[in-house]
Amino acid sequence: MSQFILYQGKAKELSYFPYIIEFANYKIQNIQLNSQEIKASEGIRICLIVDGKFDWNIDGQPFLLYPNDVSLTCPWQTIGSSKGAYDIGALMWITIKPLHFEANGELVLGEWSSISETDQRVIGTILSLNKKPILTRLKACQQIFQNIEVELFTKELGYRTRVNHLIDELLITAVRHLSKQDNLRRDFPQTFLKLEQTLRENLSHPWSVEEMAGLVGLGTTAFSEKVKAFSGFSPLNYLINIRISEAIKLLSRKDLSLTDIALETGFYSSQHFSSTFKKLTGYTPREFRKNTD
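Counting from 1, one number per residue, gives the positions in the sequence shown under the UniProt record's numbering.
Structure representation (structure tokens):
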């Protein structure tokens, strides 16, 4: 098919897909000024480099993208070229507008998606914590993009359902690759240390086993087994130990109330914090703070 850029509200092919802001298969044969200025991505934007080399700026950082590389950006992230123009080459992209997506990881795609609520939360968490928006050597996305294109233009029986499922597949494929690519060359102890750092930096988040496993690119069963073998604890018990160790540090700060510390370390109430703290240390937080004065 020839090149195209479909815009929501202008292209009839997108009339039944209000969550698709843009969908494109675009070939650049000459550089056009002001064709790619740096701006917010508006939604979840997945862009595949088909041909050529592209010099982009994403969230203030420079990146070079090559064929089969994919950029994956969130609504609050900026993306574009420092030159203000596309380089010569070919690329495909789609911008998806979720029903709700916050920088804290809360993600609701909408009724069109068949991804479970639990998995949507995991995807949202992974995307919100992602610091490297480039997925390398992800050729699998090209076939999905091409299948979406065929469905949109041929409109065969069931194409609406098929497009929705293909976009689910594209999103899951990209996020799975994202969660795995940083761990491909690492053994689990190194990956585990990176996970612990992420947990400590985001302790107020209500972590689930699914989210933690997703961050390191493992299924929940394999993840639980590896954490148990490495630390001696289940994932949730290990997380509780991290919460308590961070709480102990914060108890030395007199400017923080026990409720402040409880919420900052991820406990849903001061009572829950106090009972858990006493179970693990033998003291209530108030007793511990008093004994360390």
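Ideal Cβ positions, reconstructed from N, Cα and C, are used throughout, including at glycine.
Can you tell me where the beta strand (DSSP E) with residue i in it begins and where it stops?
i    : result
F4   : 4 to 7
D260 : Where D260 is concerned, there is no enclosing beta strand (DSSP E), although the alpha helix (DSSP H) it sits in stretches over 258 to 264.
K12  : Run containing K12: none; DSSP gives neither H nor E here.
Q61  : 61 to 65
D55  : 54 to 58
T78  : 78 to 80
S71  : 70 to 73
So is residue i buried or exposed if we call it buried at 16+ other beta carbons inside 10 Å?
i    : result
H177 : buried
Y7   : exposed
P235 : buried
L65  : buried
I5   : exposed
P189 : exposed
T95  : buried
Please report the straight-line C-alpha distance between residue i and residue j, rounded to a whole angstrom.
i    : j    : result
F192 : F230 : 9 Å
R185 : K10  : Note on R185: pLDDT 46, under 50, position unreliable in the model; the coordinate value appears next. The straight-line gap from Cα to Cα measures roughly 45 Å.
W112 : S15  : 14 Å
T161 : K83  : 39 Å
K194 : V227 : 13 Å
A103 : S128 : 6 Å
K180 : A85  : 32 Å
E287 : I244 : 14 Å
T265 : L203 : 5 Å
I20  : R200 : 36 Å
A262 : I58  : 35 Å
L109 : N291 : 49 Å
T125 : K249 : 26 Å
F277 : S116 : 34 Å
With respect to the alpha helix (DSSP H) encompassing residue i, which residues constitute its N-terminal and C-terminal limits?
i    : result
Q143 : 140 to 154
L236 : 235 to 250
L215 : 209 to 215
G124 : 117 to 129
K290 : 285 to 291
S114 : Unbroken run through S114: none, as it is neither H nor E.
Does any CB atom of chain D fall closer than 8 Å to the CB of residue i?
i   : result
A24 : Of the protein chains in the structure, only one exists, and it is not chain D.
Using the three-state DSSP reduction, which class does residue i fall into: helix, strand or coil?
i    : result
A40  : strand
L157 : coil
L184 : For L184, the predicted model reports a pLDDT of 48, less than 50, meaning its position is unreliable and no value from the coordinates is stated.
I28  : strand
L109 : coil
I20  : strand
I96  : strand
D168 : helix
F267 : coil
R45  : strand
L91  : strand
L218 : coil
L135 : strand
G282 : coil
F277 : helix
Does the ligand MN have even one heavy atom less than 7 Å from the beta-carbon of residue i?
i    : result
E151 : In the structure on display, the ligand MN does not appear, and there are no ligands present to speak of.
Item to check | Three or more C-beta pairs below 8 Å linking the stretch 205 to 213 and the stretch 225 to 241 | outcome: Enough Cβ pairs lie closer than 8 Å, so yes.
Checklist entry - Quick check: the stretch 37 to 53 against the stretch 74 to 91, are there 3 or more CB pairs under 8 Å? => result Yes: the two stretches touch, three or more of their Cβ pairs being nearer than 8 Å.
Checklist entry - Using 8 Å as the Cβ pair cut-off and three pairs as the minimum, do the stretch 128 to 139 and the stretch 59 to 70 touch? => result The stretch 128 to 139 is in contact with the stretch 59 to 70.
Next on the checklist: Three Cβ pairs or more, each shorter than 8 Å: is that satisfied between the stretch 144 to 158 and the stretch 167 to 176?
Outcome noted: Cβ pair count under 8 Å is three or more, so yes.
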